[in-house]
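Start counting the sequence shown at 4; every next residue gets the next number (the numbering used here).
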Amino acid sequence: MQREREFKEYRDRINAEFAEYMRQAWPQYKSKPAEPVPDLPEPPAPIVKDPDTPPSNDPVPFDEVTPIPEPVEPPQPVVPLPEPLVPVRPTFVFTFYGQQCEIPLENKHRFALTGATENSVADGWVVLSSDEYLPVLSQCLDYRDKLCLCDWGYVRFIEQMTTAFFSSAQLNEARLMQMYILVQSGYKVRIARAGEKLILLIPSQQMLYGHNYFTIDGDRYFVIDKSANFASMKIYTHSYPKEKYLSLSVPVPPKLPIAPTNPRFIRSKHNSELALNIRVNKNLIDFYDDCIVNDYWNLYSAASLSDYAKEQLYPVLRGSIAGKSKHAAANILLHFVQTALEYATDDEQFGYERPLFADETLFYPYSDCEDRAILYSILVRELLGLDVVLLHYPGHLATAVCFDTEVQGDYLQVDGLRYTVCDPTYINADVGQAMPQYKQTAARVIRTK
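As structure tokens, this is what we get:
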């Protein structure tokens with residue numbers, strides 16, 4: 004009990020100090036325009052390998068190695084939440100990508116701001132800092148763990164919950180509650196004001212394409228609400244203890260209820276027996292559709308496939324590679340990715356650059372080189388247990404596999420290990436056959452998991 008009292012006193016003190024800083028005049032900052040997703044060189048159309056091309060065993064140049072992403076642990080509240088003496092009955096229900104979520108929000112939690120001034124926002128923070136909102140915070144964190152939400156997924160969860168709870172005329176109250184819950188959950192966020200409108204700002208050490216941002220003390224703070232396109236804003240810049248940056252990493256797909264799509268028939272043109280009807284989870288596709296687009300391809304590879312997709316796809320693939328050497332199995336998987344999926348550029352399919360998570364590659368009718376490389380890297384890593392890297396060329400993405408036996412073919416020597424080129428867009432090419440126009444081009448090697 005003594006420890007809980009100390010925690011409460013500490014939490015109450017830092018929240019009271021935070022509110023007092025809020026009452027001070029917020030400095031004005033000028034916005035920087037959103038950066039579009041980089042306009043990459045037009046990728047090459049898939050090349051069908053000439054069957055008369057002789058095999059080669061040539062070293063492939065590279066000039067940079069991007070390391071494996073550091074594991075990202077979600078932040079934790081600066082002060083542990085107390086266990087409720089009496090179980091709290093959830094009273095408010097909203098739907099998050101098909102998942103019905105129950106939160107202990109009641110009418111008493113609907114506060115009203117008198118405006119968007121510093122004092123009004125600080126008064127709202129004082130209200131939110133009361134013990135009445137601790138069960139709400141605790142339940143949100145429980146859902147973050149239960150649904151395996153990445154940082155961005157948790158932001159979306161809080162956003163959808165608060166906008167569903169408050170009326171459309173109370174967007175400022177919703178935004179302040181978003182900030183409060185995220186700050187108390189351990190995230191580094193800021194609140195800004197443009198006229199009478201409050202706006203949530205989220206910093207990221209990675210570029211969030213398509214979002215306006217502000218530079219404050221060397222950090223970029225992004226405007227998540229794309230409709231808040233203001234040239235300048237007044238921003239509350241005070242930091243909270245132990246706050247952590249939002250990560251774009253998706254360690255695992257979120258656990259959402261299954262909403263099966265219509266089946267899609269895919270068949271390897273290299274092996275007609277390797278075929279299946281596959282469905283994906285539309286709730287997961289909708290979630291990915293709302294994710295921040297970025298060009299960190301190792302994050303897409305690290306996210307893997309959903310369990311729902313694996314349960315359908317992996318037994319078929321395992322059956323096709325059963326009893327085969329890892330070299331032969333890698334060839335079967337390579338030909339499957341090369342020929343079972345129809346090719347189109349992102350510009351042709353979406354009108355803009357957009358890497359796909361592996362489940363999306365199985366959902367959308369077309370995929371390009373980066374989508375195929377991401378999917379192939381996952382299959383090789385999880386079905387064969389081999390290390391695989393991505394090879395980034397201007398306008399092209401391929402893979403290279405570190406086999407545990409000697410394999411002939413075009414290769415890279417990285418940190419003393421031999422990685423054999425496998426190109427999922429070089430149609431009918433075997434393991435070890437690099438696309439001719441890239442054999443003399445230095446690649447950027449991107450490590451995955």
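Ideal Cβ positions, reconstructed from N, Cα and C, are used throughout, including at glycine.
Given the structure is predicted, the values throughout are model-derived calculations rather than measurements.
Query: Specify the secondary structure class of Leu259 as computed by DSSP and reduced to three states.; Result: coil
Query: Tell me the DSSP bridge mates of Ile202?; Result: Ala195
Query: To the nearest whole angstrom, what separates the beta carbons of Arg384 and Pro427, a pair I think is in contact under 8 Å?; Result: No, Arg384 and Pro427 are not in contact; Cβ-Cβ is about 14 Å, not under 8 Å.
Query: Would you be able to state if there are at least three C-beta pairs under 8 Å between the segment 356 to 366 and the segment 298 to 305?; Result: yes
Query: Can you tell me which of Lys111, Asp289 and Asn274 puts its alpha carbon nearest to the alpha carbon of Val319?; Result: Asn274
Query: In chain order, which continuous runs of the beta strand (DSSP E) of length 3 or greater are located wholly inside the segment 135 to 170?; Result: none
Query: Would you check if the distance between the CB atom of Val296 and the CB atom of Val129 is smaller than 8 Å?; Result: no
Query: Determine whether the beta carbon atoms of Leu203 and Gln181 lie at a separation below 8 Å.; Result: yes
Query: For Gly127 and Ile106, what's the separation of their Cα atoms in angstroms?; Result: 20 Å
Query: Tell me whether the beta-carbon of Gln163 lies closer than 8 Å to the beta-carbon of Phe114.; Result: no
Query: Could you pull the DSSP bridge partners for Met25 from this structure?; Result: For Met25, which the question treats as bridged, DSSP gives no partner whatsoever.
Query: So what's Phe360 in DSSP terms, helix, strand or just coil?; Result: coil
Query: Please state the DSSP three-state secondary structure of Asn284.; Result: strand
Query: Any heavy atom of the ligand MG inside 7 Å of the beta-carbon of Ser207?; Result: Although the ligand MG was asked about, the structure shown includes no ligands whatsoever.
Query: On the DSSP bridge assignment, give the partners of Pro62 in chain order.; Result: Tyr414
Query: Expressed to the nearest angstrom, what Euclidean distance is found between the alpha-carbon atoms of Lys200 and Tyr224?; Result: 17 Å
Query: By the DSSP assignment, the alpha helix (DSSP H) with Ala1 in it spans what residues?; Result: Only positions 4 to 452 of the chain appear in this structure, which leaves residue 1 out of reach.
Query: Tell me whether the beta-carbon of Ala343 lies closer than 8 Å to the beta-carbon of Arg282.; Result: no
Query: Suppose you measure from the CA of Glu456 to the CA of Ala19; what does that come to, to the nearest Å?; Result: In the structure as shown, the chain begins at 4 and stops at 452. Residue 456 is therefore absent and cannot be evaluated.
Query: Quick one: is Asn232 buried, meaning 16 or more other Cβ sit within 10 Å of its Cβ, or exposed?; Result: exposed
Query: Mind the definition here: the segment 235 to 248 touches the segment 186 to 201 only if three or more C-beta pairs lie below 8 Å; say whether that holds.; Result: yes
Query: Within a Cβ cutoff of 7 Å, which residues of the same chain sit near Phe406, ignoring the five residues on either side of it in sequence?; Result: Lys329, His330, Leu389 and Thr423
Query: With Leu308 and Trp155 assumed to form a contact (beta carbons below 8 Å), what rounded beta-carbon distance in angstroms separates them?; Result: Going by Cβ atoms, the distance from Leu308 to Trp155 rounds to 19 Å, so no, they are not a contact pair.
Query: Just to check my reading of the structure: Asp418 and Ala437 have Cβ atoms closer than 8 Å, yes? What is that Cβ distance to the nearest angstrom?; Result: Contact flag wrong, Cβ pair sits at about 20 Å.
Query: What did DSSP end up calling Val124 once you bin it into helix, strand or coil?; Result: helix
Query: Out of curiosity, what's the CA-to-CA distance linking Glu121 and Phe169?; Result: 21 Å
Query: So Glu86 and His112 are supposed to be a Cβ contact under 8 Å. How far apart are they, rounded?; Result: Not confirmed; about 20 Å, so no contact.
Query: Do Val404 and Ala333 have their C-beta atoms closer together than 8 Å?; Result: yes
Query: Between Thr165 and Asp148, what straight-line distance do the alpha-carbon atoms span, to the nearest angstrom?; Result: 19 Å
Query: How about Val63 and Pro138: are their beta carbons less than 8 Å apart?; Result: no
Query: Whole-angstrom Cβ separation of Leu152 and Gln187, contact assumed at under 8 Å?; Result: That pair is no contact at about 16 Å.
Query: Grab the span of the beta strand (DSSP E) containing Ile377 for me, first residue to last.; Result: From DSSP, Ile377 is part of no beta strand (DSSP E) but of the alpha helix (DSSP H) over Cys372 to Leu382.
Query: Is DSSP giving Arg14 helix, strand or coil here?; Result: helix
Query: Put Leu302 into one of helix, strand or coil per three-state DSSP.; Result: helix
Query: Kindly indicate which residue of Lys327, Glu373 and Lys237 has the alpha-carbon position closest to the one of Gln31.; Result: Lys237
Query: How should Asn265 be labelled, buried or exposed, when 16 other C-beta atoms within 10 angstroms of its C-beta is the threshold for buried?; Result: exposed
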